[in-house]
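Comments concern the structure below.
Numbering (the numbering used here), first residue to last: -3 to 193.
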């Protein structure tokens, strides 16, 4: 068995509504950030690596009443929210010591990845595929095929953990085993059973 991990909401927190609340902006500014940053196609383009945070910040500055300091604060707050999920980290550690090969497949922009990359557990992975580097994003099938080809993996031996159902369905479509992760006891139990912990 081979472990393939998503990052957001699996290994690290990803809570857009929590991020918005922590900004402490006015209601209209918060709603603007919700729809024009986190819920805007530009966010996916950052993940895809075809837009930068700087270019998106320039659009927000031109189109809104937000100051550049407020816009940069948004991006910093998003990054700072990417806190480890301790139980998942512990489970990754347990799986690693058994000798199971482990990889990452995550939709993430370059700056957020560079922010996370120094964390110790990244040394435990045998390979990391970040959407911004590949100009592809999940659930595009090509990205799953890329992981299999790059690391010479057999799809049926891969156990993929992700919080997004479309991503799970895409993984299964290429022959992977996949778990729709919800940070529940049942999900952690399913991972334990898959890797005989």
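From the three backbone atoms N, C-alpha and C, an ideal C-beta is built for every residue, glycine too. Just so you know, these numbers come straight off a predicted model, no measurement behind them.
Three-state class that DSSP yields for residue i in the structure shown
i           : result
residue 36  : coil
residue 10  : coil
residue 173 : strand
residue 21  : coil
residue 184 : helix
residue 51  : helix
residue 143 : helix
residue -2  : strand
residue 87  : helix
residue 101 : strand
residue 158 : strand
residue 194 : This structure cannot settle anything about residue 194, because the visible part of the chain is limited to -3 through 193.
residue 42  : helix
residue 125 : strand
residue 72  : helix
Residue i, buried or exposed, once every other Cβ within 10 Å from all chains shown has been counted against 16
i           : result
residue 65  : exposed
residue 154 : buried
residue 2   : buried
residue 207 : Lying before the first or after the last residue shown, residue 207 is absent from the chain, which here runs from -3 to 193.
residue 158 : buried
residue 102 : buried
residue 49  : buried
residue 27  : exposed
residue 127 : buried
residue -1  : buried
residue 72  : exposed
residue 35  : exposed
residue 52  : buried
residue 161 : exposed
residue 43  : buried
residue 29  : buried
residue 58  : exposed
residue 54  : exposed
residue 174 : buried
Expected contact under 8 angstroms - CB spacing of residue i and residue j to nearest Å
i           : j           : result
residue 14  : residue 106 : No, residue 14 and residue 106 are not in contact; Cβ-Cβ is about 23 angstroms, not under 8 angstroms.
residue 231 : residue 117 : This structure does not reach residue 231, given that the chain is present from -3 up to 193, and the question cannot be answered.
residue 163 : residue 134 : 4 angstroms
Residue i beta carbon near the ligand MG (any heavy atom closer than 7 angstroms)
i          : result
residue 51 : Among the components of this structure there are no ligands whatsoever, and the ligand MG is therefore not found.
**OP:** Spell out a yes or no on whether the region 132 to 140 and the region 162 to 179 are touching, meaning 3 or more CB-CB pairs, one atom from each, closer than 8 angstroms.
**Re:** Output reads yes: the region 162 to 179 touches the region 132 to 140.
Subject >> Three-pair Cβ contact test at 8 angstroms for the region 74 to 91 versus the region 6 to 20 >> reply: yes
Original post:
Are three or more beta carbon pairs between the region 84 to 96 and the region 53 to 67 nearer than 8 angstroms?
Top reply: no
Subject >> the region 114 to 125 in contact with the region 92 to 105 per 3-pair CB rule at 8 angstroms >> reply: yes
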